[in-house]
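Comments concern the structure below.
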Amino acid sequence: MSLWRSLPRWSLGILLMLVLAALIVPWLSPYTYFAPSWDEIDLGPQWHSGHLLGTDDLGRDLLVRLMWGLRISLLVAVCASLTSLVIGVLWGVTAGFIGGRVDAWLMRAVDVLYSLPFIPLVVVLTVLFGRDLVLLFIAIGAVSWLDIARIVRGQTRSLREREFIVAARVGGLTDAQIIRRHIVPNLAGLIMVYLTLTIPSVILTEAFLGYLGLGAQAPLTSLGTLIADGASQMRARPRLLICPAVLLAVLVYCCNRLGDALRDRFDPASQSL
Amino acid sequence: MLRFIAWRLLAALPTLAVIITLAFFLLHAAPGGPFDADRAMVPEIRAVIEARYHLDEPVPWQYLRYVGGIVRGDFGPSFQYQGVSVNELIAQGLPIDLTIGSLALLLALLLGMPLGMVAALRRNSLADRLCTGLALLGLSLPVYVTAPLLILLFAVTLQWLPAGDWGEGAWRNLVLPVVALALPYVAYIARLLRASLLEVLQAPYIRTAWAKGLPASQVLWRHALRPAMLPVVAFLGPAAVGLITGSIAIETSFGLPGLGRFFVDGAFNRDYTLVMGVTILYGVLIVLANLLADLLQAWLDPKVRL
C-alpha cells in the first residue's frame, strides 16, 4: 500500500482547505480583524455584506477573526513543534548513541520532567514575561519534546547495533558523520509521525493559554481567546462561541486522524494512545 | 511493598526539588513584584511590607527560608489575600479538585471501558468504527471547548442544570463539570483498552481458554481483561497531569473556587507564594498518582513483584 493511499483523504483535504482559508480569507475579505464598526454590531450571517458568519459585539467580522485565530494557531503549532523536534531529536540521539551513563542521566532527566506540572509552569511563564509570541513558541516547544526524545532514543539504540552502522564505523566514519548520514535519515519516518502527533497537542496547549486570557495580545486573537470571548457572551450570541469551538475541534480532529494514520503505517507496533 | 513505597517516595524528592527551585527562581526572575499595584506606595510602608514578607532579604536567603517552610509543611502567607495563609487556601480548594477529579476519573472508567471492550470484541465492525471515531473526536475536544458548549446546551438553552457555582457540592452543580472533565478520558481509556485487549485476545492462553469451552463472558472477564487493564492503569500518571490542566479550565468555566482558580488568579496577581504552593501541590499529586499506578500494576500483573 502506498503512503498516499493509507492517508485519510477527508482529513487531509479539510486540513489543506483550512490552511488555504487561513491564508486567503483575511486577504480577500474587505474587513479587518481589529477595526470595530459601530454600525454593524452583532449582525447575523449574511451574504450581501460579506459578513459570511456575521459580526461580533464590536462589529468585527467573525470569519476574518476566526481565520486570524487559525493563522496564530497554525503558526504556533509549526514553530513550537519544530522547537520540540530539535530539542527532542538532539536529546534522544545523544542519549541513544552514546549510551551508558550519559544515557542513564539524560533519560532520568526526562523522567523527572515528565512528572512536572508543565502547563501550570507555562502559565506562570507567560503571565510573568508578557505575552510574546516568540516566547509562546519556545515555552510550548520546550514542554512538548519529551515524547519525541524517548522514541528517538529507543530507535537510535536499536539502530546503533545494526550491521550497517558497524560497517560505517569500520569504514572510518566519525561518530558525527554516522549520526548525520546513517542515524538521522533512518529516524526520519518516525520523526515525521511524532511531529504530526505533536502538532494537535501544541494547538491545544496554545488554545488553552488563549482561553485563560494569555494568548495573543488583543486585538489580535487566537482560537482559544475567541472561545473564551464567546463563552462570556453565550447567552446573547451563541454563534460567537460555537463557531470557534467547532473550528478548533475540526482542526485538532483532522490533525489527530492524520497522525494516527501515519503512526499505524510507520510505527505499527506502538500502542495507540 | 512498604519498602517499595518508601523508596519511590524518596526517588520523588529530586522531582519535587526541581519543581520548587524552578517555580521559585522563575517567579523571582520576573520583572515586577507583587506589590507594584496600581496605587503608588509610600516608600516606608513599602519597606515595612517587604520586610514582613521577607522580600528585602537576598534571594538565596528567601529561597532557603521558603524551602525550610515547606519542609515544615508551611507554604507561607498569601500575598494577595491579606492575612490568609496559602495552607488555608489550599485546604479550601483541594477538596473541590479531588471531588471533581476522582468523579471524572470514575466516570471515564465506567464509560471508556465498555466502549473499548465492544470495539475490541467486534473489531472492524460498525460498532468498532463508531467507538474509535467517537474516541478520536473525544481526544480532539478539549475541556475548554466542551465545558462552554455543555453550559450553552444544558444550562442556557434547556435550563436543566445550573451553569456554574459550587453550591456546596450539590450533585446538580457537579454534573456538568464532571462530565466535561471526564470526556477526553473516556476517549483515552477506550482507545487504550481497545488496543491492549486486541493484543491480549491473540495470546495463546486465550486460545486455550476458548478451547476449554469456557463461555465468552468468562474468557473476557477472568482471563483477558486483567492483563489488558495494565496500560490503562499505567495511564493513571499522565491522566493526573491532564486532569490538573483540565481542572484549571473547568474551574475557570464554571466558576468553582478550587485550586485551579486560585492558581490562575494568583498568577495574574503575582501572588508568588500561592502560585508556588499550588504548583508544588500539583507536583505532589502527580507523584502520588504515579505511585498508585505502579502499585495497581503490581497487583494486576503477577510478573511484577514489589
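Chains as they are written, first to last, in this note's numbering: chain A, 8 to 280; chain B, 24 to 329. We treat Cβ as the ideally placed atom computed from N, Cα and C, and that holds for glycine. Computed from a prediction, not measured in an experiment: that's the story for all the values here.
Using the DSSP secondary-structure output, state which residues sit across from D68(A) in a beta bridge. T62(A)
Could you tell me which residues DSSP puts in a beta bridge with S108(B)? P100(B)
C-alpha distance - V94(B) paired with V264(B), whole-angstrom precision: 24 Å
With C-beta atoms as the reference, is F285(B) less than 8 Å away from L149(B)? no
Would the segment 71 to 91 of chain A count as touching the segment 212 to 220 of chain A if we require 3 or more Cβ pairs under 8 Å? yes
What alpha helix (DSSP H) runs, 4 residues minimum, are completely inside the segment 60 to 126 of chain A? 69 to 105 and 107 to 121
Same chain only: Cβ atoms within 6 Å of L70(A), ignoring 5 sequence neighbours per side: L59 and L60
Just to confirm, is the Cβ distance from I230(A) to L255(A) under 8 Å? The sequence shown places Leu at residue 230(A), rather than the Ile named in the question. Going by C-beta atoms, L230(A) is nearer than 8 Å to L255(A).
Quick check on DSSP: helix, strand or coil for D271(A)? helix
Using a Cβ-Cβ cut-off of less than 9 Å, list which residues of the segment 267 to 282 of chain B approach chain A; keep chain order. I267, T268, I271, A272, T275 and S276
Does the Cβ-Cβ distance between V209(A) and S88(A) come in under 8 Å? yes
Under the three-state DSSP convention, the category Q53(A) falls into: coil
Check each candidate in F258(B), L220(B), L133(B) and V256(B) and name the one with the smallest Cα separation from R245(B). L220(B)
Cβ contact check for the segment 85 to 101 of chain A and the segment 265 to 274 of chain A: 3 or more pairs under 8 Å: no
What does a CB cutoff of less than 7 Å around V201(B) pick up in its chain, not counting 5 residues either side in sequence? I123, L126, A127 and L130
For the alpha helix (DSSP H) that contains L153(B), what are its first and last residues? L149 to S163
Using the Cβ count rule (16 or more neighbours within 10 Å means buried), how would you classify N147(B)? exposed
Does the beta-carbon distance from I309(B) to V255(B) come in below 8 Å? no
Is the Cβ of N193(A) closer than 8 Å to any Cβ of chain B? no
Does DSSP put P284(A) in a helix, a strand or coil? As displayed, chain A neither begins before 8 nor continues past 280, which places residue 284(A) out of reach and without an answer.
My assumption, with CB atoms under 8 Å, is that I234(A) sits in contact with V168(B). Please give the rounded CB distance. 6 Å
By DSSP, does T38(B) sit in helix, in strand, or in coil? helix
If you draw a straight line from the alpha carbon of G99(B) to that of V130(A), how long is it in whole angstroms? 22 Å
Min CB distance A252(A) to chain B below 8 Å: yes
G306(B): contacting residues in chain A (beta-carbon distance under 9 Å): S122, L123 and P124
Determine the contact status of I155(A) and Y201(A), defining contact as a CB-CB distance below 8 Å. yes
Going by the beta-carbon positions, is the gap between L153(A) and T203(A) smaller than 8 Å? no
Looking only at its own chain, which residues have a Cβ that is under 7 Å from the Cβ of D274(A), when we skip the five neighbours before and after it? L197 and V200
Given a cut-off of 8 Å, decide if I206(A) and C262(A) are closer than it, judged by their beta-carbon atoms. yes
Following the continuous alpha helix (DSSP H) through D182(A), name the residue where it begins and the one where it ends. D182 to I185
Please say whether R195(B) and L204(B) have beta carbons closer to each other than 8 Å? no
Closer than 7 Å by C-beta to L219(A): which residues in its own chain qualify, once you throw out the five before and the five after it? Chain order, please. V130
V100(A) versus V173(A): straight-line alpha-carbon distance, rounded: 17 Å
For F125(A), is the classification buried or exposed, using 16 other Cβ atoms within 10 angstroms of its Cβ as the cut-off for buried? buried
Whole-Å CB distance - R217(B) paired with G139(B), under 8 Å assumed: 4 Å
Would W11(A) count as contacting chain B if we go by Cβ distances under 8 Å? no
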